[in-house]
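Below is one structure, written out as structure tokens; the observations come after it.
Protein chains: 4
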Amino acid sequence: MCGVFGIYNHPEASNLSYLGLHALQHRGQESAGVVSNQDGVLHGVRSMGQVGKIFTRDALAQLPGTIAIGHVRYATAGGSLVQNIQPLWAQYRGRSVALAHNGNLVNEEVLREELEGEGAIFSSLSDTEVILQLMARSRRAEFAEQLADALSRVQGAYSMVFTTEDQLIAVRDPHGFRPLVLGRLKGAPETYVVASETTAFDLIEAERVRDIEPGEILTIDSTGLHSAHLPKAPRRFCVFEHVYFARPDSVLDGLSVYEARIAMGQQLAREHAVEADVVIPVPDSGVVAAMGYAQASGIPFQMGLIRNHYVGRTFIEPSDSIRHFGVRLKLNAVPQVLSGKRVVVVDDSIVRGTTSRKIVKLLRQAGATEVHVRISSPPVNGPCHYGIDTPTRAELVASTHSIEQITKTIEADSLGYLSADGLLAAVRSEGEKNFCDACFTGDYPLRRDRGSGRKQLRLIQV
Amino acid sequence: MCGVFGIYNHPEASNLSYLGLHALQHRGQESAGVVSNQDGVLHGVRSMGQVGKIFTRDALAQLPGTIAIGHVRYATAGGSLVQNIQPLWAQYRGRSVALAHNGNLVNEEVLREELEGEGAIFSSLSDTEVILQLMARSRRAEFAEQLADALSRVQGAYSMVFTTEDQLIAVRDPHGFRPLVLGRLKGAPETYVVASETTAFDLIEAERVRDIEPGEILTIDSTGLHSAHLPKAPRRFCVFEHVYFARPDSVLDGLSVYEARIAMGQQLAREHAVEADVVIPVPDSGVVAAMGYAQASGIPFQMGLIRNHYVGRTFIEPSDSIRHFGVRLKLNAVPQVLSGKRVVVVDDSIVRGTTSRKIVKLLRQAGATEVHVRISSPPVNGPCHYGIDTPTRAELVASTHSIEQITKTIEADSLGYLSADGLLAAVRSEGEKNFCDACFTGDYPLRRDRGSGRKQLRLIQV
Amino acid sequence: MCGVFGIYNHPEASNLSYLGLHALQHRGQESAGVVSNQDGVLHGVRSMGQVGKIFTRDALAQLPGTIAIGHVRYATAGGSLVQNIQPLWAQYRGRSVALAHNGNLVNEEVLREELEGEGAIFSSLSDTEVILQLMARSRRAEFAEQLADALSRVQGAYSMVFTTEDQLIAVRDPHGFRPLVLGRLKGAPETYVVASETTAFDLIEAERVRDIEPGEILTIDSTGLHSAHLPKAPRRFCVFEHVYFARPDSVLDGLSVYEARIAMGQQLAREHAVEADVVIPVPDSGVVAAMGYAQASGIPFQMGLIRNHYVGRTFIEPSDSIRHFGVRLKLNAVPQVLSGKRVVVVDDSIVRGTTSRKIVKLLRQAGATEVHVRISSPPVNGPCHYGIDTPTRAELVASTHSIEQITKTIEADSLGYLSADGLLAAVRSEGEKNFCDACFTGDYPLRRDRGSGRKQLRLIQV
Amino acid sequence: MCGVFGIYNHPEASNLSYLGLHALQHRGQESAGVVSNQDGVLHGVRSMGQVGKIFTRDALAQLPGTIAIGHVRYATAGGSLVQNIQPLWAQYRGRSVALAHNGNLVNEEVLREELEGEGAIFSSLSDTEVILQLMARSRRAEFAEQLADALSRVQGAYSMVFTTEDQLIAVRDPHGFRPLVLGRLKGAPETYVVASETTAFDLIEAERVRDIEPGEILTIDSTGLHSAHLPKAPRRFCVFEHVYFARPDSVLDGLSVYEARIAMGQQLAREHAVEADVVIPVPDSGVVAAMGYAQASGIPFQMGLIRNHYVGRTFIEPSDSIRHFGVRLKLNAVPQVLSGKRVVVVDDSIVRGTTSRKIVKLLRQAGATEVHVRISSPPVNGPCHYGIDTPTRAELVASTHSIEQITKTIEADSLGYLSADGLLAAVRSEGEKNFCDACFTGDYPLRRDRGSGRKQLRLIQV
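Residue numbers (my numbering), protein chains in the order written: chain D, -19 to 442; chain W, -19 to 442; chain C, -19 to 442; chain V, -19 to 442.
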């Protein structure tokens, strides 16, 4: 999970990139970076930490130019590796280029080995570097052509923005796994912006023009917008963007996340009705679906769990403590809402099941007489190969337990997952399926192709 | 606004204080501190910043002992002064004492001048230091007696916890302006805790025993609990604790904040009904009252504004920017909820009016056809002398504008404040008034008594 | 050990204080602070760490005014306590005052108990606070009178600068234990400066006017310089200021430290001659005395030990190491100077003896055939009560070992200490003794008067 | 200017690398890094700042393995670029490799363009990356062979250490511009160390075995030491290593720096004798040569200038100051040594001349009646292409001024530079010249070959 941003033709390009990244901060809090482009010379600031901490006035003053790209990065299981902070950049064929990538390649390891065999050196562990190496090997002259050459070899999920010389380039893989939207600054129609989500446009007062199409290579330069297209493939937009990654105020591939979540909750109520006194969400991600459930079921909606927003990355539990505080550090129950009530609690997903069990326990301690867990997505039983950092299959409770067993594990009175069909209906997928649902159906659009190699670098930040 | 915490008789006293402060973090994010007591020797860690950042494992390891007190402090208009970080501590008459104070004294300046006249030196600007000076002058032997002596001279709002030798002392002013609750650890009935709000108890699995009574000096030591009482005065609990300071999952003076806010919203709907399509809150503080409004009015509740929780103290707007982003950094509107709709937006209060105007504008830009602003408290037209950092009277829009004028200023279609009576009903104040409502009625229980002195110290942190 | 600085009547008072402290940095690296005075309002910046790190442009911008005082503080055995950072400040009798203190009071504990008995509260562990408390109790009107009242009760070593209202006050105890010099800015004769050492004057281009006299209270204000005097006492300037505390480029009480150290080395050569091939110093403090030894003995001077200046407070040895690197981190021997040579190595003092033993070993490993240790001061066998942080008597090797035993312990071929008379001659003490030599003669000018009290506060920085 | 270190076969390889870098800290204070090798997996910590600050216990704990290399880097004119911190590392042909480089390539730009033409991408601006790219293109199997292939294309100065799989490799360019020494841990003869200077060996108790030969590629692995050799070239060791870069306690290419500097001073006295009363050094780099001058001339040696060692990289002058403090922040004069004296002041070089002028002024202000400047190297009138960051030719005072003019500029009574022949004699260069003296003779062993390219990346640290 990452967020990307790009802006073309604005005297405050890096300021607006910083604000755009702020609006995408929910897509990654581990590291962030902005590269600006002043007359073809690239300037960059990248660091571990959140956007607001990295981009001080001094840092922003180091980023001149009218084109800029930015990136926020999520902590992944592989650890917090400094060398993987983006935007990446490189020089090849006399050209300086920087790029920000959201997604994951499935044949990166094979390509890396092949490229190493041809004499390439890799200075990061990022799969993104493979794309730059392939571009450098292209014999074509134009940047967009080199990019098309490179992408003809690459398989996987990618929504990317590049800057080089006097261009901003946005590209999205043919399946369109990850979102990427084109916008335009209000009152400045020649200032284009590109972002993972429209929420970045709202903050800087830009308006959505359209999505970058799956397989589109969009070049923005002084002569306007130019599109090239990679070979067509079935559309496979990640349905979990709607379930929980994206902000509810975003519009992704033409669909409002808010409306999708309301529909998920409504559908969930139809599929898993129960007699109850109150519907509550697990905040913040479950709030909108819970409202949908309440609307469809007619059961009153309440905020029975209050979230503490001060739990950040640095918050530690006392190491020598005799107790474990876990989910209590983040959530507290409201007895006035719950006491003596039959409670429906709506969450977006269950991963390992441990958090759900703790939440059920919290609710019972606050006086709930029954706890009915409702999940606004189907059981996740497989990993994601397209950019989401899921645990291994063995850790996914739904891959090894029946729903009945999970119900017992989390100590709920009942448990209902939204059906795969119900979810597709909620995201208005009609006729041919055009979402990726591999992690719960096993229908993987692209196979992961592991090489034989072993990654052998680890760079720690101090 | 501050939060205080104390714990008696637990081997992990400082760990639990740290967690208790985490649960009170909403009451102050500028600085925090914990003082622990090991066999009468006090150990302290205090710093600017949030609880999670200050209390690293190393810091907690510096805080041995079975008694501890803690404090979180809000940034006040006077600036971020290092010398005012609490807990305060001092030595007098061979006794080491530390205290954490929530509230504000109204005769501090007069007392300070009198004490200076008698040879006292002050090493902070905190009004709390006056209490220590008065205690040091008492000729009585017991700590609680010295404290009673001191408090007989002091007027104002104070909820305080002290530790000295082998005691934890909790005290609340006779009017009971600020909350203070007594609890007991579940499964450890001899481990007592004291906190500004019960939310701190929930996190550490303590149960509420009762409120510290207005005017009570409660001493907890190895012989148990001992209460002394200051002269009686009319109860004047700050009604704004219920309106917005406290967390909705807290119970204050026996009343659930959640229930109070639901009641405020319901009463607001009765007082200021309007034909509309949707009720939305200004998150997070307006959420519960908005739900109450929706329930009573029958108008559907939606989350039409989404909050960005990553806006922290360090977040800056680009200084050289041609635009001002203001409220957009924190709030974004959801057109799918608002477009073509008549909107009721519920907030807890209006201070200067500038934020409200921006919110109304955001809603209209997202397509709202009408915007009806509803406020779950009466117009604030006077300052608070009892611990809340309000702007001066001149800055309070309600002190200089009629409601009609405010409506125009914030560009709303209509504006409705909850009435004073309505608010008192919502907090179940029956018969004699037992809340402080001075900031909107002008009925100040205690007059502020300014001396002639001038504060002349300013200490900056580096 | 500390350093103090003060400046009166300069538009850049805090800038020049910062530079003055930089020139006094050798007197204390643990913490530093500056308080400036703008029309009677005091502004302060204090922090742990070195001067260059604390006083950023931002910090200096917080310090307006034409009067300022500053302090650098040495880490003491009692630990790095935040609450003891100076300058101290306080308000009393409507007056704001700040002070910086170098020295140590011997009757602080007794006075503290007495003052606590009268109702005083102490907010630090610093003995300096006692002086403020006593001033606050004075019934006299003028600051200098209050100070004289307070100092009539106090015994010990103090060189202090104060600022209050429109004054700069410099005061030195009647024995004159610690240095304090008055200067004047070149080209600005009405701008006065006060500092622990003249090296601070050199940096800011001030010229030395005279020493503050032992027992003098010098008030500098818009009407000029005004002196008052405490009762006379025998002059007892700390001879170790000349031996190693002060910088060699300073002039203390009229005597050049450089010349004093040359004379010590010469005298040492006369007292402890030896046949040898080369004289080398332990850098940096032993350099000048070693040159004196070489001059008087005719043995060539060389730099046989090279110092690594990058060993700072943060430098750590690997904790799990199988070896101990100790003195090697700071000093390395030069075999080309030492190999096959009979070496005289000159140091300023021996405390525990462990460092000396390691140095002797280093020299032998580099090929020295004989190592003759020469110390430019007598054996230290007692603690200092007047401001120097010496180990306890038990740790002082000279208090428990004969010179013969020490020679064996440090594995030297011979060991010679400068005699007490030789040292006094080197510092030109003629007729009546006017230096304090208590730590090697036991002739303590003032007895330490311990109270019964126990210090019970500890404040850690985060 | 940089320093490199490597160690093979020690359980505390990274701890000893950290200590080795500490002893090389004078060769670069801007950034530092260590890469350790545990069974072929590389682990790295690199950061801006000094060694003691970067390598905390936590950082060192991240660096397991029995092989390690390290690097300290000097701030260069090009600015403080994060992407140039070393050791560099990369993956190619399934192999992970890290390297630390001291020196500068003269045909880097041409090679970079050629490699880019073949499809290489560059992720740093470092010339070192060219070497990795060339190695990756080699078709040979062994690392040392690949390295030899690569180095056959490269021209310039390089002393480098590599680690890959189970090897430590040390290599030095055929001219031997920069030092590189092989050592062995005392008591552990199978633990080899490599360092820029022997001072690193002294700290960790290793003994010098021999220099890495110019043109030698030394591979250390479990089968022992294996040498390969690049084509022979005239030896051209940088004479300025002896003049001022290296520490006086180091032995470089078999010659003691201390002895070389003594000889320079003696020769300088013979070439530029003057009647004077005292010889003083500009500390610290001029100390040893000044002692040589004093010995040969018979004029007494004194420390007439005292250095303040607390001036670090963070130290700033007040920006709004009416005065400029410059060299005074670092040096102070001792009037007792200088007053009324004819002074010879010995420094190692003159670059722009501004510092020398300030020093002469300082000495005169302290009372010197005559100031004779003596420089222990010839006039530098050309840039260095082999790793030293000199100003451009235009800024070098000796490239545009005669010695007479420089004497006037710096306001000295006389000025004498050591002659080129005198310097060569001091470093015992007999028969054929075997030092590089290009910066003062213009005899450049290798021409700089600039490509047409433009470096277009800039990465700022936050």
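Where is the CB? At the ideal position from N, CA and C, for every residue including glycine. None of the values given here were measured: they were computed from a predicted structure.
Query	Result
Endpoints, beta strand (DSSP E) assigned at Met140(V)	136 to 144
Contacts of Asp229(W) in chain D (Cβ-Cβ under 8 Å)	Ile286, Asn312, Ala313, Val314
Own chain residues within Cβ distance below 8 Å of Leu235(V), not counting five before or after	His222, Val407, Arg408
Any C-beta of chain V under 8 Å from that of Arg428(C)	no
At least three beta-carbon pairs within less than 8 Å, the region 388 to 405 of chain C to the region 16 to 25 of chain C	no
Collapsed DSSP secondary structure at Arg322(V) in the structure displayed	strand
Inter-stretch contact (C-beta, 8 Å, three-pair minimum) for the region 238 to 251 of chain C and the region 265 to 279 of chain C	yes
For Met(-19)(C), the three-state DSSP class (helix, strand or coil)	coil
Contact with chain C by Gly59(W), beta-carbon distance below 8 Å	Confidence at Gly59(W) is low in this model, with a pLDDT of 49, below 50, so its placement is unreliable and no value can be given for it.
Where His289(V) meets chain C, residues with beta-carbon distance less than 7 Å	His289
Complete runs of the beta strand (DSSP E) confined to the region 67 to 126 of chain D [at least 3 residues]	68 to 72, 75 to 85
Nearest residue (CA-CA) to Gly(-14)(V), options Val161(V), Val351(V), Thr387(V)	Val161(V)
Cβ-based neighbour list, His289(D), same chain, cut-off 7 Å, excluding 5 preceding and 5 following	none
Gly58(V) versus Ser118(V) - alpha carbon distance	Because the pLDDT at Gly58(V) is just 45, under 50, the model does not fix this residue reliably, and the value given afterwards should be weighed accordingly. Their Cα atoms are separated by approximately 31 Å.
First and last residue of the uninterrupted beta strand (DSSP E) at Arg164(V)	161 to 165
Chain V residues whose Cβ lies nearer than 8 Å to that of Leu112(D)	Ile101
CB contact check: Phe217(V) to chain C, cutoff 8 Å	no
Opposing strand residues paired with Ile200(W) [DSSP bridges]	Leu148(W), Leu205(W)
Exposure label - Ala418(D); buried when at least 16 CB within 10 Å	buried
Identity of the residues DSSP links to Ser16(C) by a beta bridge	His23(C), Ala48(C)
Interface flag, Tyr72(C) vs chain W, CB-CB below 8 Å	yes
Residue-chain proximity (Met283(V), chain C), Cβ-Cβ < 8 Å	yes
Under 8 Å by beta carbon: chain W residues contacting Glu239(D)	Gln316
8 Å Cβ cutoff met for Arg158(V) and Ala137(V)	yes
Any chain D beta carbon closer than 8 Å to Arg188(W)	no
DSSP state of Leu232(C) mapped onto helix, strand, coil	strand
Proximity test, Cβ basis, 8 Å: Arg117(W) and chain C	yes
Chain D contact residues for Glu96(V), given Cβ-Cβ distances below 8 Å	Gln71, Tyr72, Arg73, Gly74, Ala116
Inside the region 163 to 196 of chain V only - beta strand (DSSP E) runs reaching at least 3 residues	168 to 175, 186 to 191
Chain D residues whose Cβ lies nearer than 7 Å to that of Phe305(W)	Leu(-1), Leu183
Proximity of Ser11(C) and Arg53(C) at Cβ, strictly below 8 Å	yes
Residue burial classification, Gly204(D) (beta-carbon count within 10 angstroms, cutoff 16)	exposed
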